[in-house]
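A.B. asks: Sharing a structure here in structure tokens format.
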Amino acid sequence: MIQVRALDHLVLTVADVSRTCEFYRTVLGMEVVTFGAGRTALRYGQQKINLHPAVRPFAPHARVPQAGSADLCFLIAPPLEAAVAHLQALAIAIEQGPVARTGATGPLVSIYIRDPDGNLLELSVPGDRRLGARA
222 MIQVRALDHL VLTVADVSRT CEFYRTVLGM EVVTFGAGRT ALRYGQQKIN
272 LHPAVRPFAP HARVPQAGSA DLCFLIAPPL EAAVAHLQAL AIAIEQGPVA
322 RTGATGPLVS IYIRDPDGNL LELSVPGDRR LGARA
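See the structure below:
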């Protein structure tokens, strides 16, 4: 049997690589990196997100690569209120939250935004079921 240890990277298919890079760099503080033969990725912590242009995705790729079809959850540094203030200062709409959610290792408090392609981004901090209480 195969035992998965961790997620190394994932791939987002995007309509505009430059616009996506600017959003993730400005809004979420990710580092834009170039690798291979001019490919682009977003790096954060020990992970990265490779970006594939929708008009010309790199092979191999998903059977039906499509911009705006992802739903991702990022754990962010608390306090959540600081993230909300940052998003408001950038005029980024919060679609929902703060709301209680359950993550891979326990309770979360989350807010939801969208990136330029419409991907749903959940931004979360550890927290118990009472909104505002932090682990």
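The sequence shown: position 90 = 311 (the numbering used here), numbered continuously.
Each residue gets a CB set at the ideal place from its N, CA and C atoms; glycine is no exception.
Here the structure is a predicted model, which means the values were calculated and not measured.
1. Return the chain-ordered list of same chain residues with a C-beta closer than 6 Å to the C-beta of residue 288, the five sequence neighbours on each side being excluded.
2. Assuming residue 258 and residue 270 make a contact with CB atoms under 8 Å, what is their CB distance in whole Å?
3. What residue range is occupied by the uninterrupted alpha helix (DSSP H) comprising residue 252?
4. Whole angstroms are fine: how far does the CA of residue 304 sit from the CA of residue 347?
5. Starting from the Cα of residue 314, find the closest Cα among 343, 268, 296, 256 and give me that residue.
6. Rounding to the nearest angstrom, what Cα-Cα distance links residue 335 and residue 294 in this structure?
7. Among 265, 330, 224, which residue has its Cα nearest to the Cα of residue 317?
8. Return the Cβ separation of residue 251 and residue 260 in integer angstroms, given the expectation that the two are a contact with Cβ distance under 8 Å.
9. Whole-angstrom Cβ separation of residue 311 and residue 248, contact assumed at under 8 Å?
10. Who are residue 194's beta bridge partners in DSSP?
11. Evaluate residue 241 with the Cβ neighbour count: other Cβ atoms within 10 Å of its Cβ, from every protein chain shown; 16 or more gives buried, anything less gives exposed.
C.D. replies: Taking the coordinates as given:
1. 234, 235, 236, 275, 338
2. At roughly 18 Å, the Cβ-Cβ gap does not stay under 8 Å, so residue 258 and residue 270 are not in contact.
3. Careful: residue 252 lies outside any alpha helix (DSSP H), inside the beta strand (DSSP E) at 252-256.
4. 14 Å
5. 343
6. 11 Å
7. 330
8. The pair is not a contact, with the Cβ atoms about 15 Å apart (cut-off 8 Å).
9. 6 Å
10. Residue numbering for the chain in the displayed model covers 222 to 356; residue 194 lies beyond these limits and cannot be assessed.
11. buried
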